[in-house]
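Visitor: Those sequence lines, one after another, are chains V and E. Counting in this note's numbering, the first sequence runs from -2 upward without gaps. Counting in this note's numbering, the second sequence runs from 4 upward without gaps. Each residue gets a CB set at the ideal place from its N, CA and C atoms; glycine is no exception. Everything numeric in this text was worked out from a predicted model, so none of it was measured.
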Amino acid sequence: AQSVTQLDSHVSVSEGTPVLLRCNYSSSYSPSLFWYVQHPNKGLQLLLKYTSAATLVKGINGFEAEFKKSETSFHLTKPSAHMSDAAEYFCVVSGAQAGTALIFGKGTTLSVSS
Amino acid sequence: GAVVSQHPSRVICKSGTSVKIECRSLDFQATTMFWYRQFPKKSLMLMATSNEGSKATYEQGVEKDKFLINHASLTLSTLTVTSAHPEDSSFYICSAPAGNTIYFGEGSWLTVV
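#1: With a threshold of 8 Å between beta carbons, is F31 of chain E in contact with chain V?
#2: Once you ignore the five residues that flank P76 of chain V on each side, which residues in its own chain have a CB closer than 6 Å to its CB?
#3: Look at the alpha carbon of S49 of chain V and the alpha carbon of S29 of chain V, and state the distance between them as a whole number of angstroms.
#4: Closer than 7 Å, Cβ to Cβ, to anything on chain V: give me those residues from the segment 44 to 69 of chain E, in chain order.
#5: Using the C-alpha atoms, what's the distance from G96 of chain V back to T104 of chain E?
#6: Quick check on the DSSP output: the beta strand (DSSP E) that includes E25 of chain E runs from which residue to which?
#7: At a CB-CB cut-off below 9 Å, which residues of chain V make contact with E25 of chain E?
#8: With DSSP as the reference, identify every bridge partner of E90 of chain E, one or two as the case may be.
#9: Does the segment 92 to 111 of chain V come close enough to the segment 2 to 13 of chain V to have 3 or more Cβ pairs within less than 8 Å?
#10: With N103 of chain E as the anchor, note down where its beta strand (DSSP E) starts and where it stops.
#11: Looking at C-alpha atoms only, which residue of E:T114, E:L113, E:T78 is the closest neighbour of F37 of chain E?
#12: Consult DSSP for S81 of chain V and reduce its assignment to one of helix, strand or coil.
#13: Identify which residue in V:S6, V:S25, V:I57 has its Cα closest to the Cα of F31 of chain V.
#14: Alpha carbon to alpha carbon, what distance is there between S67 of chain V and R13 of chain E?
#15: Would you mind stating whether C202 of chain E and S76 of chain E have Cβ atoms separated by less than 8 Å?
#16: Between the beta-carbon of A83 of chain V and the beta-carbon of G92 of chain V, is there less than 8 Å?
#17: Contact criterion: CB-CB distance below 8 Å. Does G104 of chain V meet it with respect to chain E?
#18: Since L49 of chain E and E62 of chain E should fall inside the 8 Å C-beta cutoff, what is the C-beta to C-beta distance between them, to a whole number of angstroms?
#19: Of the choices E:K44, E:V22, E:S8, E:K45, whose alpha-carbon is the least far from that of F31 of chain E?
This is the structure we're talking about:
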């Protein structure tokens, strides 16, 4: 079965410092992996996705993630945090078959202080 | 690109009443749609898979008689929360696959008072 584990429920950084949100996945096949962001009282926004092409994936708003098969990881990074990055971040894995439901991690709350 | 639209975006209903949430694929056909629920400060939990022209497939622990799902056409799936109670208050969001991409609706905030 597919699953994702977000290793930190809460990450706090200062504005201008790097962001690292960690995610490990478990899958019986080569998965598609996603990072979504959800701002307070808002819907979901896709940050980036990995679909077996380049292992380093660049997304919106300066975020990127690297797929490491040997470590079964897909950590999300950003060189310099902005106040507007404060939100909930979800690491997501595709289902076992194409067109099946996505499976969400428990989420990581990112706080950014000035 | 493909768009999935949900309606209403916010709804308040009284305990004991039923409320319907619509999920539409605006520019593509979706034989399958997915319904998720998100409790406050929690992750998204898959409730059910909606299948056009057949019964929905519910995840374990989801009451199918309480959360009625109908997928009557290739562009519309509806979720009806029957006899709503305050504990049903939540964020409900649908998604639909188009090719290799899954698109999410904007979500619906349900408050039962």
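Guide: Based on what the coordinates show:
#1: Counted from its first residue, the second sequence places residue 31 of chain E at position 28. No, F31 of chain E does not count as interfacial toward chain V.
#2: The residue you call residue 76 of chain V lines up with position 79 of the first sequence. Excluding sequence neighbours, P76 of chain V sits near P15.
#3: In the first sequence, residue 49 of chain V corresponds to position 52, counting from 1. In the first sequence, residue 29 of chain V corresponds to position 32, counting from 1. Taking the straight line from one Cα to the other gives about 7 Å.
#4: S46, L47, L49, T52
#5: Residue mapping note: residue 104 of chain E aligns to position 101 of the second sequence, counting from 1. Residue mapping note: residue 96 of chain V aligns to position 99 of the first sequence, counting from 1. For T104 of chain E and G96 of chain V, the distance between alpha carbons rounds to 8 Å.
#6: Numbered from its first residue, the second sequence carries residue 25 of chain E at position 22. E25 of chain E -> beta strand (DSSP E) spans 22 to 28.
#7: Here residue 25 of chain E refers to the residue found at position 22 of the second sequence. Under the 9 Å cutoff, chain V gives no residues; its nearest Cβ is about 15 Å from E25 of chain E.
#8: Translated into positions along the second sequence, residue 90 of chain E becomes position 87. Per DSSP, none; premise fails for E90 of chain E.
#9: yes
#10: Walking along the second sequence from the start, residue 103 of chain E turns up at place 100. Here N103 of chain E belongs to no beta strand (DSSP E), and DSSP marks it neither H nor E.
#11: For the purposes of this step, residue 37 of chain E is taken as the residue at position 34 of the second sequence. Checking every option, the nearest Cα to that of F37 of chain E belongs to E:T78.
#12: Your numbering for residue 81 of chain V matches position 84 in the first sequence. S81 of chain V: helix per DSSP, three-state reduction.
#13: By one-based count along the first sequence, residue 31 of chain V stands at place 34. Checking every option, the nearest Cα to that of F31 of chain V belongs to V:I57.
#14: The sequence position of residue 13 of chain E within the second sequence is 10, counting from 1. The sequence position of residue 67 of chain V within the first sequence is 70, counting from 1. Taking the straight line joining both Cα atoms gives about 44 Å.
#15: The structure shown does not extend to residue 202 of chain E, since chain E is modelled only from 4 to 116, so the question has no answer here.
#16: Within the first sequence, numbered from 1, the residue matching residue 83 of chain V stands at position 86. Within the first sequence, numbered from 1, the residue matching residue 92 of chain V stands at position 95. No.
#17: Position 107 of the first sequence, counted from the start, is the residue given in the question as residue 104 of chain V. At least one chain E Cβ lies under 8 Å of G104 of chain V.
#18: One-based indexing of the second sequence puts residue 49 of chain E at position 46. One-based indexing of the second sequence puts residue 62 of chain E at position 59. Yes, L49 of chain E and E62 of chain E are in contact; Cβ-Cβ is about 5 Å, under 8 Å.
#19: Position 28 of the second sequence holds residue 31 of chain E. When only C-alpha atoms are compared, the closest one is E:S8.
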